[in-house]
Each structure stands twice: as C-alpha cells, then as structure tokens.
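For reference, the structure is listed below as structure tokens.
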Amino acid sequence: MMIKPFIKVQYPPSKKVFRAFKVSDLISYTGRIYIFDEKNFSRYRFYEEHEGTQLFSLSNEIAFLKDVRLFSAETLEYLFIRGVVATVGFDADESLTSIYRRFSRLHLVSFDEGSQKILEKAAPGYAEFKDLRLYVGISALGYFFRREV
C-alpha cells in the first residue's frame, strides 16, 4: 500500500489550485486561517447588517468553523459568497456537498489529532499555522470522503 505525499500549500490560497484538489488529497498548509466561533461569526454578520460593509474581507481566505452549529447551508453560503476559498473543521455532513459543489469550494479536515488540537486551541480571529496537516473531506466537485480510523 502506497501512502500519498502531502501537497504543500502556502498563503494566500488560490481558488484555482484548491479547485484542482481531489477528495482525500493530503495537504500541508502554511499560512493564516480565520477562526470563527459562534459569537465571532454573529458579530461579523451584525457589523455587516448594521454598517452596510464587511468588517474585513474574507476574499481568498480559509475559514475554520470551530463550532459544529456553524456547519449549516446558510452559513456556508454566506461565507462562500464573501470569497472564502475553503472551510476547515469537523467531518462535515454529507448533505452539505451540494453547497460545496455549487460554489466550487473545499472542506478540509485535520489529518491527525495534533493538527486538530492546534486548531481547537487557536483563539477566534486570524491565526498563523505552519505545516498544518489536512485532508480534503469534500471536493469542489462535491465528492465526499470520510477517513476510517
């Protein structure tokens, strides 16, 4: 059995490059990721609704959804319309593949416990990561993969 090599990706993430990834591809990511928890996400939306402009641009960013409740079609559509290239987080539900396919976006999942712990410890906001090991859980074509442990 041959083990796939990790594909090294650095910030800023390119939509064109990310769309080429296939489900189960292994990625070693170095760069920043915006970390959303439920409170932080609500604050971002509140600012946009009341000020008429985004608090900051999410274009060409990767978003880590720290809270399982954020994995909804409405939240994902909101983020993808604002330019988020990929989401990172827990194993997403297979029912969300149509949203990822519609916007040609990826969902990445931590490859190992070490990467998951690093992500979970990060405070909401921008965080820098070096050689964060991830795999593609949902591809831009809407294919779904769940790794068996």
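Quick note, the sequence shown lines up with residues 3 to 151 if you use this note's numbering. Note that beta-carbon positions come from the ideal geometry of N, C-alpha and C, so glycine has one too. In this text the structure is predicted, and so the values were computed from the model without any measurement.
- Residue state for SER112 is assigned as strand, using DSSP reduced to three classes.
- When DSSP states are grouped into helix, strand and coil, LEU67 belongs to the strand group.
- Burial check for SER97: the Cβ neighbour count within 10 Å stays below 16, so the residue is exposed.
- Secondary structure of GLN118 (DSSP, three-state): helix.
- If the five residues before and after TYR13 are omitted, its C-beta is found closer than 6 Å to the C-beta atoms of GLY33, ARG34, all from its own chain and listed in chain order.
- Linking GLU122 to GLY54 through their CA atoms gives a straight-line distance of about 31 Å.
- The three-state reading of DSSP puts LYS24 in coil, since its state is none of H, G, I, E or B.
- Per DSSP, reduced to three states, the secondary structure at VAL138 is strand.
- For PHE147, the three-state secondary structure derived from DSSP is coil.
- Per DSSP, LYS41 is not a residue of any beta strand (DSSP E); the alpha helix (DSSP H) it occupies stretches across 40-53.
- Looking at the backbone, the Cα of SER59 and that of ARG84 are separated by about 8 Å.
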